[in-house]
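Chemist: Below is the structure I would like to discuss, written out as structure tokens.
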Amino acid sequence: MTAQPLLPKNAPFTPEDIDALNSVVARTTPQQRAWLAGFFAGFEAAQAGAQPQLAVAAKPRQALTVLYASESGNAEALAMRTKKLAQKHGLDARVVDFADADMSVLSKAKNLMVFASTWGEGDPPSRAVDFYTALMGDGAPRIEGVRFAVLALGDTAYAQFCATGKAIDLRLEALGGKRAFDRVDLDLDYAKQAAEWTQKALTELAPAEAAGTATVVHVDFKGGGQFADDDEPQFTPENPLTGEIATLVNLNGSGSTRETWHVEIAAEAPGFSYLPGDAIGIMPENDPGLALELAEAVGLGADGAVVQKLRERYDVTTLSRALVEAYAKLTQRTDLAHLADQKAFAKFAEDRQLIDLFERYPEKLTADQLFGLLRPLPGRLYSVASSPKAHPGEAHLLVGAVRWESYGKKRGGVASTYFADRRKVGDPARIYVKPNRHFRLPEDGNRPIIMIGAGTGVAPYRAFIEDRVEDGATGKSWLVFGERNFTNDFLYQLEWQEYLADGALSRIDVAFSRDQPEKIYVQQRLWEHRAELLKWVEDGAHIYVCGDEKGMARDVDVMLGRILAEAARGDDEAGRAKLKELSKAGRYQRDVY
Ligand SMILES: Cc1cc2nc3c(=O)[nH]c(=O)nc-3n(C[C@H](O)[C@H](O)[C@H](O)COP(=O)(O)OP(=O)(O)OC[C@H]3O[C@@H](n4cnc5c(N)ncnc54)[C@H](O)[C@@H]3O)c2cc1C
Ligand SMILES: Cc1cc2nc3c(=O)[nH]c(=O)nc-3n(C[C@H](O)[C@H](O)[C@H](O)COP(=O)(O)O)c2cc1C
Numbered sequence: 009m010t011a012q013p014l015l016p017k018n019a020p021f022t023p024e025d026i027d028a029l030n031s032v033v034a035r036t037t038p039q040q041r042a043w044l045a046g047f048f049a050g051f052e053a054a055q056a057g058a059q060p061q062l063a064v065a066a067k068p069r070q071a072l073t074v075l076y077a078s079e080s081g082n083a084e085a086l087a088m089r090t091k092k093l094a095q096k097h098g099l100d101a102r103v104v105d106f107a108d109a110d111m112s113v114l115s116k117a118k119n120l121m122v123f124a125s126t127w128g129e130g131d132p133p134s135r136a137v138d139f140y141t142a143l144m145g146d147g148a149p150r151i152e153g154v155r156f157a158v159l160a161l162g163d164t165a166y167a168q169f170c171a172t173g174k175a176i177d178l179r180l181e182a183l184g185g186k187r188a189f190d191r192v193d194l195d196l197d198y199a200k201q202a203a204e205w206t207q208k209a210l211t212e213l214a215p216a217e218a219a220g221t222a223t224v225v226h227v228d229f230k231g232g233g234q235f236a237d238d239d240e241p242q243f244t245p246e247n248p249l250t251g252e253i254a255t256l257v258n259l260n261g262s263g264s265t266r267e268t269w270h271v272e273i274a275a276e277a278p279g280f281s282y283l284p285g286d287a288i289g290i291m292p293e294n295d296p297g298l299a300l301e302l303a304e305a306v307g308l309g310a311d312g313a314v315v316q317k318l319r320e321r322y323d324v325t326t327l328s329r330a331l332v333e334a335y336a337k338l339t340q341r342t343d344l345a346h347l348a349d350q351k352a353f354a355k356f357a358e359d360r361q362l363i364d365l366f367e368r369y370p371e372k373l374t375a376d377q378l379f380g381l382l383r384p385l386p387g388r389l390y391s392v393a394s395s396p397k398a399h400p401g402e403a404h405l406l407v408g409a410v411r412w413e414s415y416g417k418k419r420g421g422v423a424s425t426y427f428a429d430r431r432k433v434g435d436p437a438r439i440y441v442k443p444n445r446h447f448r449l450p451e452d453g454n455r456p457i458i459m460i461g462a463g464t465g466v467a468p469y470r471a472f473i474e475d476r477v478e479d480g481a482t483g484k485s486w487l488v489f490g491e492r493n494f495t496n497d498f499l500y501q502l503e504w505q506e507y508l509a510d511g512a513l514s515r516i517d518v519a520f521s522r523d524q525p526e527k528i529y530v531q532q533r534l535w536e537h538r539a540e541l542l543k544w545v546e547d548g549a550h551i552y553v554c555g556d557e558k559g560m561a562r563d564v565d566v567m568l569g570r571i572l573a574e575a576a577r578g579d580d581e582a583g584r585a586k587l588k589e590l591s592k593a594g595r596y597q598r599d600v601y
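Residue numbers (my numbering): 9 to 601.
Here it is, written out as structure tokens:
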């Protein structure tokens with residue numbers, strides 16, 4: 009890429025210095041330039057013997073409660089960032105997870121910001137369910153005098169887009185709160201809009217004297233010139249790291265109905281680090297054949313630049329209601345009006361993708377019109393399957409290929425077939441780290457761990473065991489693994505057997521659903537071995553569940569409740585309460601999708 013000069017020729021430097029500065033500055037991101045601006049402002053102040061200037065006058069300060077409901081950490085990260093920004097707006101913020109909150113947090117709040125994501129099919133994140141239910145229930149307190157603003161996160165691919173944030177926003181109003189700033193509902197490419205909304209909402213909520221004051225990046229000189237946002241991930245969907253695929257192998261046997269790829273990505277870069285339990289985000293590219301088909305469907309097939317952009321940058325598969333509405337408006341097609349009805353849309357969209365809309369309701373579009381309809385291609389997350397202690401400079405993933413057929417077309421998941429069909433060893437892969445502090449090994453390596461997962465859900469457990477081996481941890485470990493078939497689908501079988509032989513893994517139970525006439529799943533194995541499981545729990549075990557939510561994690565959750573209920577002499581409520589207690593203590597953690 010050729011660097012664009014930024015400093016003008018008449019800048020107060022020699023021509024050589026201007027060239028040198030331009031060559032560096034032209035490669036910087038807006039965030040890095042903001043940092044430089046803050047750095048030099050603070051540096052001058054420090055040279056003059058003054059304190060680095062903070063953005064906002066210190067008075068009068070007010071309290072802000074920042075509540076978040078989050079499953080995979082997006083809303084949580086926004087809440088944390090808001091706390092830092094609030095300081096600069098004259099607000100003293102405290103951040104509270106829905107998981108740790110009770111109703112008093114609402115009645116005590118003066119200014120309230122809520123960041124909430126939606127999961128399942130329009131549900132609150134699992135850790136947020138209790139507080140959310142109480143908030144919606146009759147016992148929720150009146151909150152007259154509380155000023156609030158809600159940011160909702162979601163994915164327009166889901167029918168119940170941002171349902172949780174929407175419901176919270178309406179509920180806070182119904183309870184007497186005053187909406188200080190309008191809610192925003194954000195799709196997967198939320199970063200920029202979330203930052204803008206947060207700035208504006210904080211300005212509305214800030215004490216009058218502090219509102220409207222310009223914000224500069226705070227520079228901590230005492231910390232050796234460290235950027236205050238050091239804990240922010242360096243690599244993001246917007247700024248991924250380009251790694252290289254070092255290994256790409258299908259772990260299933262040739263007779264399998266599954267296709268599960270073990271992917272090793274070499275990613276050596278300062279600032280690239282992760283922990284077992286985190287996910288790695290991958291920025292994929294679309295199937296070039298589909299990109300071409302889509303361009304052809306709207307009369308742009310001959311334009312190579314359009315096809316390339318479709319392949320690299322845009323979501324060309326998701327058929328969302330918002331997109332259909334925008335297409336109907338743009339094309340003025342009255343025969344799309346019936347899809348405004350939620351049920352009719354759901355029936356149409358089931359098993360269909362964008363290409364089906366364009367082929368069934370064909371119209372010629374300009375490139376701008378086409379791109380205006382599409383959202384950016386979102387990244388996909390994969391639970392990291394390696395410990396960085398065992399594989400420095402590498403991240404391993406376990407990717408299940410998603411394939412199906414509908415309406416006479418062969419279809420494939422974008423990211424999973426990107427690995428399975430369109431990448432080879434030596435190819436680049438753009439990645440970022442998605443930390444997950446709610447799926448962590450116990451700090452105490454002596455603690456027993458029970459790892460329950462089916463299919464690709466086994467990925468983080470490979471990372472866990474590798475990490476414990478590197479640490480020389482002595483705690484017992486028990487893997488309960490499920491898949492379809494022993495011969496073809498026992499993912500990482502040799503590694504588990506070696507770990508079992510050398511004691512790194514204390515116990516393994518497997519459930520291969522299709523190896524006998526009746527289906528057997530991991531939850532049945534838990535029930536069969538419940539006495540042992542309860543003993544491990546008594547001994548302080550941490551329980552982990554990873555993998556498919558609908559196909560496995562939900563049933564495992566019910567089964568764990570049942571097992572704990574039996575221990576409480578059949579009292580279901582006591583069983584659920586014990587599971588919640590374990591969850592609150594960080595001893596029941598889920599990474600489900
Ligand atoms: C925190 C987290 C961790 C994850 N870890 C892993 C992991 O370790 N391994 C792993 O493999 N995945 C993991 N996933 C899932 C992963 O992120 C992707 O969602 C998955 O790989 C599919 O992505 P894709 O781009 O291939 O498919 P997409 O292009 O996203 O397509 C998937 C969509 O296709 C449609 N679809 C799929 N099958 C059918 C069908 N039979 N009929 C009709 N429509 C269908 C559905 O609408 C589905 O949502 C994780 C997800 C999260 C959130
Ligand atoms: C399994 C799954 C189910 C989801 N269900 C919904 C949904 O019903 N509605 C929605 O708007 N978004 C849905 N999403 C998208 C999430 O809300 C979105 O990824 C959000 O940014 C996650 O934020 P969090 O990390 O704070 O939980 C779903 C995501 C996943 C992985």
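Note that CB positions come from ideal geometry on N, CA and C, so glycine has one too.
Counting only the same chain and skipping the five closest in sequence on each side, list residues whose C-beta sits under 6 Å from that of GLN361.
Modeler: So the qualifying residues of the chain are THR325 and LEU327.
Chemist: Whose C-beta lies closer than 6 Å to the C-beta of TYR322 among residues of the same chain, with five residues either side of it excluded?
Modeler: Here the set comprises LEU382 and LEU385.
Chemist: Got a sec, what are the start and stop residues for the beta strand (DSSP E) ALA6 sits in?
Modeler: This structure cannot settle anything about residue 6, because the visible part of the chain is limited to 9 through 601.
Chemist: Less than 9 Å between the beta carbons of VAL488 and VAL518, yes or no?
Modeler: It is a contact, given that the beta carbons lie within the stated cut-off.
Chemist: Looking at the structure shown, is ASN119 part of a helix, part of a strand, or coil, going by DSSP?
Modeler: The answer is strand: DSSP assigns ASN119 an E or B state.
Chemist: In angstroms with no decimal places, state the Cα-to-Cα distance between GLU293 and TYR552.
Modeler: For GLU293 and TYR552, the distance between alpha carbons rounds to 32 Å.
Chemist: Looking at the unbroken alpha helix (DSSP H) that takes in SER591, where does it start and where does it end?
Modeler: That run of the alpha helix (DSSP H) goes 580 to 592.
Chemist: Tell me the rounded alpha-carbon separation between PRO396 and ALA575.
Modeler: Computed Cα separation, rounded: 39 Å.
Chemist: Going residue by residue through the segment 126 to 160, where are the continuous beta strand (DSSP E) segments of at least 3 residues, counting only ones entirely within it?
Modeler: Counting only runs of 3 or more, we get nothing.
Chemist: Near LEU373, what residues of its chain come up, given a Cβ to Cβ distance below 6 Å and the 5 sequence neighbours on each side ignored?
Modeler: Correct list, in chain order: VAL306.
Chemist: Among residues of its own chain, excluding the 5 on either side of ALA357, which ones have a beta-carbon nearer than 6 Å to its beta-carbon?
Modeler: Cβ neighbours of ALA357 beyond the five flanking positions: LEU327.
Chemist: Whole angstroms are fine: how far does the CA of ASP100 sit from the CA of ARG187?
Modeler: Answer to the nearest angstrom: the Cα atoms are 19 Å apart.
Chemist: Cα-Cα, which of GLY98, ILE458 and LEU143 is closest to ARG595?
Modeler: Taking only the C-alpha atoms, the option nearest ARG595 is ILE458.
Chemist: Going by DSSP, what residues sit across from PHE189 in a beta bridge?
Modeler: For PHE189, which the question treats as bridged, DSSP gives the partners ALA157.
Chemist: Can you tell me whether ILE473 is helix, strand or coil according to DSSP?
Modeler: Note: ILE473 maps to helix in three-state DSSP.
Chemist: So, does the CB of GLY490 fall closer than 9 Å to a CB anywhere in chain D?
Modeler: Of the protein chains in the structure, only one exists, and it is not chain D.
Chemist: Could you spell out where the alpha helix (DSSP H) holding SER31 opens and where it closes?
Modeler: From DSSP, the alpha helix (DSSP H) with SER31 extends over 23 to 33.
Chemist: Which residues bound the beta strand (DSSP E) around LYS417?
Modeler: It spans 417 to 420 - the beta strand (DSSP E) in which LYS417 sits, taken as one unbroken run.
Chemist: Heavy atom of ligand 1 less than 8 Å from the Cβ of LYS442, yes or no?
Modeler: Correct: LYS442 has its Cβ closer than 8 Å to ligand 1.
Chemist: In terms of residues, what are the limits of the alpha helix (DSSP H) holding PHE379?
Modeler: PHE379 -> alpha helix (DSSP H) spans 375 to 381.
Chemist: Please classify SER395: does DSSP put it in a helix, a strand, or coil?
Modeler: Three-state DSSP puts SER395 in coil, outside helix and strand.
Chemist: If I follow the unbroken alpha helix (DSSP H) through ASN260, where does it start and stop?
Modeler: Careful: ASN260 lies outside any alpha helix (DSSP H) and carries neither H nor E.
Chemist: Is it true that the CB of ARG135 sits closer than 9 Å to the CB of PHE156?
Modeler: Going by C-beta atoms, PHE156 is not nearer than 9 Å to ARG135.
Chemist: Where does ASP452 sit, in a helix, a strand or coil, going by DSSP?
Modeler: Coil at ASP452, not helix or strand.
Chemist: For ALA585, which residues in the same chain have their Cβ closer than 7 Å to its Cβ, ignoring the five residues on either side in sequence?
Modeler: Correct list: empty, nothing qualifies.
Chemist: For PHE494, count neighbouring Cβ atoms within 10 angstroms of its own Cβ and tell me buried if that reaches 16, exposed if not.
Modeler: PHE494 comes out exposed.
Chemist: Take every Cβ of the segment 422 to 434, pair it with every Cβ of the segment 517 to 534, and state whether three or more of those distances are shorter than 8 Å.
Modeler: No, they do not touch.
Chemist: With TRP486 and TRP544 assumed to form a contact (beta carbons below 8 Å), what rounded beta-carbon distance in angstroms separates them?
Modeler: Confirmed, about 7 Å.
Chemist: Sorted by chain position, which residues of the same chain lie with C-beta nearer than 7 Å to GLU413's C-beta, five sequence neighbours on each side aside?
Modeler: ARG419, listed in sequence order.
Chemist: Within 8 Å: the Cβ of ASN82 and any heavy atom of ligand 2?
Modeler: Within the cutoff, so yes.
Chemist: Between SER391 and ARG470, what straight-line distance do the alpha-carbon atoms span, to the nearest angstrom?
Modeler: In a straight line, the C-alpha of SER391 is about 10 Å away from that of ARG470.
Chemist: Would you be able to state if there are at least three C-beta pairs under 8 Å between the segment 103 to 122 and the segment 74 to 83?
Modeler: Touching, yes, given that three or more Cβ pairs across the two stretches are closer than 8 Å.
Chemist: Of all the options ILE273, ALA175 and LEU347, which has the alpha carbon lying nearest to the alpha carbon of ALA437?
Modeler: Among ILE273, ALA175 and LEU347, the Cα nearest to that of ALA437 belongs to ILE273.
Chemist: Take every Cβ of the segment 276 to 287, pair it with every Cβ of the segment 437 to 449, and state whether three or more of those distances are shorter than 8 Å.
Modeler: With the cut-off at 8 Å, the segment 276 to 287 and the segment 437 to 449 touch.
Chemist: Check for me: the beta strand (DSSP E) holding GLY289 runs from which residue to which?
Modeler: Here the beta strand (DSSP E) through GLY289 covers 287 to 291.
Chemist: By Cβ distance below 8 Å, which residues in the same chain neighbour TYR529 in space, the five residues on each side in sequence not counted?
Modeler: The answer, listed in chain order, is ALA462, GLY490, ALA519, SER521, MET560 and ASP563.
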